[in-house]
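Asker: Sharing a structure with you now.
Chains as they are written, first to last, in the working numbering: chain S, -15 to 84; chain B, 6 to 172.
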């Protein structure tokens, strides 16, 4: 999808945000403490726009393409947790169950 | 949300319950590779038993348990420990509702976790028998289940382009 395009003269960006974008760092715009927009360097956008297009079209995307290093570390942690289980062991009181 | 026996997908090494029986009962044979396992199975032999791991844990039912259906698809629920909360990037995406595969629950009483945060892991989805569901622990609203469904579409890598186009 072609991005909606406006002229640079229409945008008032703080100098440090402009510098961040030049240095390939994303700039997040928050409103009422909630992230609303993210500005991305045009070269970086060229890399990720095909992925965005696929997601927006509802086409399948490998889930790994949507995960970051934190996620992969957590997945490894969960797998290690499973490996630590005794074979066929049944927990009398599961850790995860704090239900009524 | 339910408490149920959650099986783990068998992987190597596999433990096969053999036909041989000694004083302690059936002999369990360990197979470190598939060659060893297939060699132990005679062509035309009846299904063989494998030893699988399981855990009693909370799961989210992804389908309605109704009628005579024997199996139901569930997603695993994990607790959020202080260590996991310290993964600030992950935790921020989770609390902002922007994580593509995980969904935050536990802040509401009806989630059945006594106020403790947890997350539905849509990357860990499996089928369980309905008769291994021990009890219900809580529930999600239709709106929350829609959020879960959006993540399920991504983790299962479903092609919904026709549906999106119609919208």
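A virtual CB, placed ideally from N, CA and C, is assigned to each residue, including glycine. As the structure is a computational prediction, the values presented were derived from the model and not from experiment.
Verify whether the separation of the beta carbon atoms of residue 36/B and residue 21/B is less than 9 Å.
Answerer: Yes, Cβ-Cβ distance for residue 36/B and residue 21/B is below 9 Å.
Asker: With distances taken Cα to Cα, identify the nearest neighbour of residue 106/B among 64/S, 51/S and 65/S.
Answerer: Ranking 64/S, 51/S and 65/S by Cα distance to residue 106/B puts 51/S first.
Asker: Pop quiz: residue 45/S and residue 122/B are said to be a contact at Cβ under 8 Å. What is the actual Cβ separation, rounded to whole angstroms?
Answerer: Actually they do not touch by this definition, with Cβ atoms about 28 Å apart.
Asker: If you draw a straight line from the alpha carbon of residue 92/B to that of residue 127/B, how long is it in whole angstroms?
Answerer: Distance between the alpha carbons of residue 92/B and residue 127/B is about 19 Å.
Asker: For residue 167/B, would you say it is in contact with chain S, using Cβ-to-Cβ distances shorter than 9 Å as the test?
Answerer: Answer yes: the Cβ-Cβ gap between residue 167/B and chain S drops below 9 Å somewhere.
Asker: Show which residues of chain B have a CB atom less than 9 Å away from the CB atom of residue -2/S.
Answerer: Chain B residues near residue -2/S: none, gap ~23 Å exceeds 9 Å.
Asker: So with CB distances below 7 Å, who are the chain B contacts of residue 41/S?
Answerer: Here the neighbours are 166 and 169.
Asker: Using a threshold of 9 Å, state whether the C-beta atoms of residue 108/B and residue 97/B are closer than that.
Answerer: Going by C-beta atoms, residue 108/B is not nearer than 9 Å to residue 97/B.
Asker: Mind checking residue 49/B: buried by the 16 CB within 10 Å criterion, or exposed?
Answerer: Answer is exposed; the Cβ neighbour count stays below 16.
Asker: Starting from the N-terminal side, write out each stretch of the alpha helix (DSSP H) that is 4 residues or longer and does not extend beyond the segment 38 to 112 of chain B.
Answerer: Listed in chain order, they are 39 to 45, 87 to 90 and 93 to 100.
Asker: Would residue 7/S be called buried (16 or more neighbouring beta carbons within 10 Å of its own) or exposed?
Answerer: Its Cβ having fewer than 16 others within 10 Å, residue 7/S is exposed.
Asker: Quick check on DSSP: helix, strand or coil for residue 0/S?
Answerer: In the structure shown, residue 0/S sits in a helix (DSSP, three-state: H, G or I).
Asker: Could you pull the DSSP bridge partners for residue 124/B from this structure?
Answerer: Beta-bridge pairing links residue 124/B to 83/B and 109/B.
Asker: What residue range does the alpha helix (DSSP H) around residue 29/S cover?
Answerer: It spans 26 to 41 - the alpha helix (DSSP H) in which residue 29/S sits, taken as one unbroken run.
Asker: Using the beta-carbon count (16 or more within 10 Å), is residue 58/S buried or exposed?
Answerer: When all chains shown are included, residue 58/S counts as buried.
Asker: With a threshold of 9 Å between beta carbons, is residue 44/S in contact with chain B?
Answerer: Closer than 9 Å to some Cβ of chain B, the Cβ of residue 44/S qualifies, so yes.
Asker: Specify, as a first and last residue, the run of the alpha helix (DSSP H) that residue 158/B falls within.
Answerer: Where residue 158/B is concerned, the enclosing alpha helix (DSSP H) stretches over 147 to 160.
Asker: Span of the beta strand (DSSP E) holding residue 50/S?
Answerer: Where residue 50/S is concerned, there is no enclosing beta strand (DSSP E), given that its DSSP letter is neither H nor E.
Asker: Tell me which residues of the segment 17 to 32 of chain S have at least one Cβ-Cβ distance to chain B shorter than 8 Å, keeping chain order.
Answerer: Per Cβ criterion, the list reads 18 and 19.
Asker: Cutting at 6 Å between CB atoms, please list the residues of its own chain near residue 4/S, excluding the five before and the five after it.
Answerer: So the list reads 11, once near-sequence residues are dropped.
Asker: So, for residue 61/B: in the same chain, excluding its five sequence neighbours on each side, which residues have a beta-carbon less than 8 Å away from its beta-carbon?
Answerer: Here the set comprises 8, 9, 10, 11 and 139.
Asker: Quick check on DSSP: helix, strand or coil for residue 16/B?
Answerer: Three-state DSSP puts residue 16/B in coil, outside helix and strand.
Asker: When the Cα of residue 132/B is compared with those of 56/B, 79/B and 45/B, which residue comes out closest?
Answerer: The option with the nearest alpha carbon to residue 132/B is 79/B.
Asker: Looking at C-alpha atoms only, which residue of 13/S, 23/S and 18/S is the closest neighbour of residue -11/S?
Answerer: Checking every option, the nearest Cα to that of residue -11/S belongs to 23/S.
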